[in-house]
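Engineer:
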Amino acid sequence: MRSLLASIGIVIGVVAISSMGMLGANMQLSVKEQLSSNVNTVMISSDVVRTTNTAGNPVTSQGVTKSQLNDIRNAAGTNVVIPIHRTNTQFTIGSTDGRGSIYGLEPDDIEKFLTLETGEIPRGANDAVVGSNVATNFNLAIGTRIKIGPANTENRPAIRVSGILPARGFASDGINTDNAIIVTDTWYTDHFGNKDVYDQVNVIVKNVDTITDVETAIDEKVNRRSDVIRISDASSRLTSITQTLGTITTFILAIGGISLVVAAVSIFNVMMMSVNERVHEIGILLSIGTEKGEVRRMFLYEAFILGIIGAGVGGICSLVIGYSVVSAMIGNTAYFFMPDSILYVPYGMVIGIVVCVASGLYPAWKASNMDPIDALRSE
Amino acid sequence: MKVTGMDEIPLIRLRDVTKVYHLESGDFTALKNVSLDIMENEFVAIMGPSGSGKSTIMNQLGILDVPTTGELYIDGKNVADMTPLERTHMRRDTIGYVFQRFYLIPLLSAYENVEYPLILRYKHRDTSGKASAVLRSVGFDEQMSAHRPNQLSGGQQQRVAIARALVNDPKIILCDEPSGNLDRKTGLQIMDLLADLHQKGKTVILVTHDPKIAEYAHRTIELDDGRIIAS
C-alpha cells in the first residue's frame, strides 16, 4: 500500500516532466512553424543609407538594378526570387478618394507568397489585387474600377479589381498589402517608369535553416566591390522567440522536476521503512550466507520495480494527459507525435526510474551493512 | 585444504579466544581466553547458565562475529585472515545454522525456505530436486512443503529450519537451543533427527541448558562467566 503510494509519486513526477516537456516542445514546434512562413524571406534593397561608397563615388542607383537582380538570381539558386516595384499614390473609387501603396509584381509571383481571399490573380493588363483594408473601406468587389493617381489629374489610368487579399497585418517580408493595391509589373512600369530598377527584391528560401547561407551567397555576389545593396531578414526574430520558448520549457520542466524530487523523498521513505521493517529478515538472510551485494541488489531491485511500475503507468498517463493539455492549451496536436515532443515520454520515464533507484541506494546500502547478530536480535 | 588425518587436525580450533563487547556501561568480556578443539564428526553440547558466553561462542563458530583477540580456525582456515565475502561463503557452504526460534522467512513456503541457500550458492533455482529430498529426510512431503511457516507447528518449522541448514551439505551443524521453543516430545524428536545427522557424518554442535538434551551429545563443554570450566 505504501509502496503503491510512493509509486504514484513517481507516476505524478513522470507525468509532470513528460507532459510539461511535451507542452513546451509542441509550443516551440507550432510557433516555429507559424513563424517560419514569415521569416523565410530575405529582403534586399538598395543601400540608400549611404549615398556615397567608400571610394567617394556616389551610389548611382536608388534601387536594385537589373544586373544586380540577375546576380541575386544566380546566387539564390533554386530559391524563389521576387522583384518588387513600390510607390505611394492617391486613387479614386467611384467618387471617394484614397491613398495607399501600389506594388508592381509579376502576376505569377503573387501566388508565391500571397493567398487570395476571393477572385483571382491579375490576368489582363489592367487587373489588380487589393488588400483587405482597401477592400473593406471602399466596399470593393471583383470588377470594381479604381482610378490611380492624384484626384486632380486628367485621364487617370484605371485598373479593375480581380482579387481581394485577406488581412495580412505587419508582414516581416516588407510587403504590407492591407492598404495596398497590387498591379502587374508591366502596368506599374508603364505608368510609374523605373523599368529596370526595383525598389525591393525578396528571396523566399525553401528551408529556413539555410537563410544565412543564401544571404552570404548574395552578399558575396552583389556586394563584391562595395556595399551596394542591403540584405536583411526577420529570422533573428524566430531565433529569439524559440530561445524564449526554450527557456520557458526548461522552467516548466524544472517545476515538473520538483514533483519528482518529492516522489524521490517518498520512495526513500518507503525504502527506509521497508528496510527497518525487515531488519530481522535481513539478519536471517545474512546469517545463512547471503552476500552483502545480494541483499543490496534485493532492495535496489525493489526500488527498480517501483520505478518501472511508476514510470510505466506514468508514461501511459502522460500520453493521455499530455495530449489533452497540448490540445487544450495550444489547440493543435499536429506536433504531438513528432520526435521532439513524444521523446519527452521516454525521457520522463527514464528519469523516473533513475530517481527511484537512486532513492533506494542508501536504504539498500544500510540493509546490506547490518550486523547479522544485531539484526537477528531485533524483533 | 582438506587434511586426511582427521584425528590430528581439528575441524574447529579456538586458541585463546577473547571477545570483548564495548557497551555504553563499559567493556564487557563475554569470552575469556577460550581454547577448544572440535574434531570432525563430533557431537558436542555447550552448556552453561545465561550470560556464560554460550551465544557468544556460537556466534564465533558461525562466523557471524570475529574474536577480539585469539585465533579461530574453521576447516583449516584462520577466520581473521578471511575477507567478509569469504566468511559469507563459508557460512553458506560449510556451516548450517539452526536457531532456537527457527527464523524462517515468513513470506516463503517451506520448500522455498529450503531452496533459498541453494539459490544463494548456485545462483539459479534448484532443478536437482535436492530441496525436496532434504525436506523428505526431515519428514516433509510435497503438500506440507507448500505451506508457509505460519501454517506450520513449532516442531514442523524447526524441521524446515534443519532442512534449510542441511541443504548445502555443510560439515558443521550449529544449533542454538534447537528444542528451546518446543514441547518436550517434539524437542526430543528434533534431537533424534540431529543424532541421526551425526550418525551420517556431520559435526553437530548444540547449545542448551537442558541436561536431558545434552545427553544426546558425546561431549559436553561447560561454560561459566566466559570460561570453559569442564570439557
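Sequence lines, in order, name chains A and B. Here this note's numbering is used: the first residue of the first sequence is 3, the next is one more, and so on. Here this note's numbering is used: the first residue of the second sequence is 44, the next is one more, and so on. Even glycine gets a Cβ: it sits at the ideal position worked out from N, Cα and C.
By the 8 angstroms beta-carbon criterion, what residues does the region 106-120 of chain B contribute toward chain A?
Structural biologist: For the region 106-120 of chain B, which is checked against every Cβ of chain A, the residues closer than 8 angstroms are L107 and D108.
Engineer: Checking 8 angstroms against the spacing of the C-beta atoms, do A:I18 and A:G258 come in under that value?
Structural biologist: According to the sequence provided, residue 18 of chain A is Ala. The question's Ile does not apply to it. Yes. Within cutoff.
Engineer: Would a check of beta-carbon distances place A:L378 closer than 8 angstroms to chain C?
Structural biologist: Checking the listed chains, one finds no chain C in this structure; the protein chains it contains are A and B.
Engineer: Rounding to the nearest angstrom, what Cα-Cα distance links A:E382 and B:H241 in this structure?
Structural biologist: Look at the range of chain A in this structure, 3 to 381, and you will see that residue 382 of chain A is not part of it.
Engineer: Report yes if the C-beta distance between A:A313 and A:V16 is below 8 angstroms; otherwise report no.
Structural biologist: yes
Engineer: Let me see if you follow: with CB-CB separation under 8 angstroms, is A:S276 close to chain B or not?
Structural biologist: no
Engineer: Suppose you measure from the CA of A:V315 to the CA of A:G333; what does that come to, to the nearest Å?
Structural biologist: Each residue's alpha carbon lies about 25 angstroms from the other.
Engineer: Interface residues of chain B around A:S289 at Cβ under 9 angstroms?
Structural biologist: Around A:S289, the beta-carbon contacts reaching into chain B at under 9 angstroms are G105, L107, R134, Y140, F142 and Y146.
Engineer: In three-state DSSP terms, what is B:R227?
Structural biologist: helix
Engineer: Quick check on DSSP: helix, strand or coil for B:E114?
Structural biologist: strand
Engineer: What residues from the region 159-180 of chain B come within 7 angstroms of chain A, judged by C-beta to C-beta, listed N to C?
Structural biologist: P160 and L163
Engineer: Near B:G113, what residues of its chain come up, given a Cβ to Cβ distance below 6 angstroms and the 5 sequence neighbours on each side ignored?
Structural biologist: R58, D59, V60 and T61
Engineer: Please give the ranges of any beta strand (DSSP E) in the region 56-105 of chain A, keeping only runs that are unbroken, at least 3 residues long and fully inside the region.
Structural biologist: 82-95
Engineer: Give me the Cβ distance between A:I46 and A:V205, rounded to the nearest whole Å; I'm assuming they're in contact under 8 angstroms.
Structural biologist: 7 angstroms
Engineer: With H, G and I counted as helix, E and B as strand and the rest as coil, what does DSSP make of B:H65?
Structural biologist: strand
Engineer: Going by DSSP in three states, B:S310 sits in which element: helix, strand or coil?
Structural biologist: Because chain B is modelled from 44 through 274, residue 310 of chain B falls outside the range shown and cannot be assessed.
Engineer: Give me the residue from B:Q103, B:V77, B:L74 and B:V122 with the minimum Cα distance to B:Y140.
Structural biologist: B:Q103
Engineer: Let me know if B:Y64 comes out buried or exposed under the rule of 16 or more other beta-carbons within 10 Å of its beta-carbon.
Structural biologist: exposed
Engineer: I'd like to confirm the pairing. Which residues does DSSP put opposite A:L6 in its beta bridges?
Structural biologist: Looking at the DSSP assignment, A:L6 forms no beta bridge with any residue, so it has no partner.
Engineer: Using 8 angstroms as the Cβ pair cut-off and three pairs as the minimum, do the region 93-113 of chain A and the region 183-190 of chain A touch?
Structural biologist: yes
Engineer: Quick one: list the residues of chain A neighbouring B:N193, beta-carbon separation under 8 angstroms, in chain order.
Structural biologist: The premise fails here: B:N193 is roughly 14 angstroms from chain A at the closest Cβ pair, so nothing lies under 8 angstroms.
Engineer: Using the rule of at least 16 other Cβ atoms within 10 Å of the residue's Cβ for burial, across every protein chain shown, is A:M351 buried or exposed?
Structural biologist: buried
Engineer: Mind reading off the beta-carbon distance from B:D118 to B:K214? Whole number of angstroms is fine, and I expect it under 8 angstroms.
Structural biologist: 7 angstroms
Engineer: In the DSSP assignment, what are the bridge partners of B:F86?
Structural biologist: B:V247
Engineer: Which first and last residues belong to the alpha helix (DSSP H) in which A:K223 is found?
Structural biologist: Element bounds for A:K223: I213 to V224.
Engineer: If contact means a Cβ-Cβ distance below 9 angstroms, which residues of the region 279-304 of chain A contact chain B?
Structural biologist: H282, E283, G285, I286, L287, L288, S289, I290, G291, T292, E293, K294, G295 and E296
Engineer: Can you find the residues in the same chain that come closer than 8 angstroms, C-beta to C-beta, to A:E122, ignoring five residues on each side of it along the sequence?
Structural biologist: S164 and G165
Engineer: When DSSP builds the beta bridges, which residues end up paired with B:D219?
Structural biologist: B:V250
Engineer: Looking only at C-alpha atoms, which of A:A360, A:I269, A:K149 and A:T179 sits nearest to A:N128?
Structural biologist: A:K149
Engineer: Give a yes or no on whether 8 angstroms exceeds the smallest Cβ distance from B:N102 to chain A.
Structural biologist: yes
Engineer: Is it buried or exposed for B:K97, if we count other Cβ within 10 angstroms and need 16 for buried?
Structural biologist: buried
Engineer: Compute the distance between the beta-carbons of A:D342 and A:A78, then report whether it is under 8 angstroms.
Structural biologist: Their beta carbons are not under 8 angstroms apart, which means A:D342 does not touch A:A78 by this criterion.
Engineer: Output yes if chain A places a C-beta closer than 8 angstroms to the C-beta of B:L128; else output no.
Structural biologist: yes
Engineer: If we cut at 8 angstroms on Cβ distances, does A:I307 have a partner in chain B?
Structural biologist: no
Engineer: Which class does B:L150 belong to by DSSP, given the choice of helix, strand or coil?
Structural biologist: The answer is coil: DSSP assigns B:L150 none of H, G, I, E or B.
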